[in-house]
Amino acid sequence: MINWIEKLEDCPNDVDALREIEALIGTESTTWPVAYITTPFLARAAERVTICERAEHALMIGLSFLYSGAHSIDERPKYCPEEVFPAYRESLQRGVSLLMEVIPTVKNEGDARWYISALAGLLGWPRLGELMTYECCIHCGEPLSEE
166 MINWIEKLED
176 CPNDVDALRE
186 IEALIGTEST
196 TWPVAYITTP
206 FLARAAERVT
216 ICERAEHALM
226 IGLSFLYSGA
236 HSIDERPKYC
246 PEEVFPAYRE
256 SLQRGVSLLM
266 EVIPTVKNEG
276 DARWYISALA
286 GLLGWPRLGE
296 LMTYECCIHC
306 GEPLSEE
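Once you know that position 70 of the sequence shown is 235 in my numbering, the rest is easy, because the numbers rise by one and skip nothing.
Okay, structure coming up:
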């Protein structure tokens, strides 16, 4: 993980580094503390690239919170180390601004729902954010979009 973070620090729009970090954070074998430690680096890298280039950074920040189980960005998630939480919380606050900049540039409904769901979570509606990630209605099973 450290190698990919260093690559992102050197080149904040390194797509390969972003994909590797996303894959590592998204696997069940990766511990949650890794996601919390990585989030501040994603926020810093996002602020060093253009709005269009920061979409993946912003989405990973938002989703790291959405799946953390916390109900607000001021609540320390269960597996977030105490010494990491201040930097993690600050990166989540920056994530709100980053997502607000990115969302108007998203071109299709399928992608938009992920960005909006991440933003909903960061704004204090994690359950709404989670529901927006579903592709089908949880009650009837019908697709939620016509893509």
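Just so it is clear, CB atoms sit at the ideal spot from N, CA and C, and this is done for glycine as well.
Pick out whichever of Leu189, Asn178, Arg209 has its Cα sitting closest to the Cα of Tyr253. Here residue 253 refers to the residue found at position 88 when the sequence shown is read from its first residue. Distances from the CA of Tyr253 to each of Leu189, Asn178, Arg209 were compared; the closest alpha carbon is that of Arg209.
Terminal residues of the alpha helix (DSSP H) in which Pro269 lies: Stepping through the sequence shown from its first residue, residue 269 is reached at position 104. Secondary structure note for Pro269: it is in no alpha helix (DSSP H), with a DSSP letter that is neither H nor E.
Would the beta-carbon of Ala235 fall within 9 Å of that of Leu264? Translated into the one-based positions of the sequence shown, residue 235 becomes position 70. Translated into the one-based positions of the sequence shown, residue 264 becomes position 99. For Ala235 and Leu264, no; Cβs fall outside 9 Å.
Would you say Glu255 and Pro198 are within 9 Å of each other, going by their C-beta atoms? For the purposes of this step, residue 255 is taken as the residue at position 90 of the sequence shown. For the purposes of this step, residue 198 is taken as the residue at position 33 of the sequence shown. Contact flag unset, no.
So what does DSSP say about Pro242, is it helix, strand or coil? For the purposes of this step, residue 242 is taken as residue 77 along the sequence shown, with counting starting at 1. Looking at Pro242 - three-state DSSP - the assignment turns out to be coil, as it is neither helix nor strand.
Measure from the alpha carbon of Tyr201 to the alpha carbon of each residue in Cys301, Pro242, Ile303, then state which is nearest. Indexing the sequence shown from 1 puts residue 201 at position 36. Of the listed residues, the one whose Cα sits closest to Tyr201 is Pro242.
Residue of Asp276, Leu288, Glu274, Trp169 minimising C-alpha distance to Gly260: As a position in the sequence shown, residue 260 is number 95, starting the count at 1. Distance from the Cα of Gly260 is smallest, within the candidate group Asp276, Leu288, Glu274, Trp169, for Leu288.
So, helix, strand or coil for Cys217, using DSSP? On the sequence shown, position 52 is the one that residue 217 refers to. Of the three classes helix, strand and coil, the one that applies to Cys217 here is helix, per DSSP.
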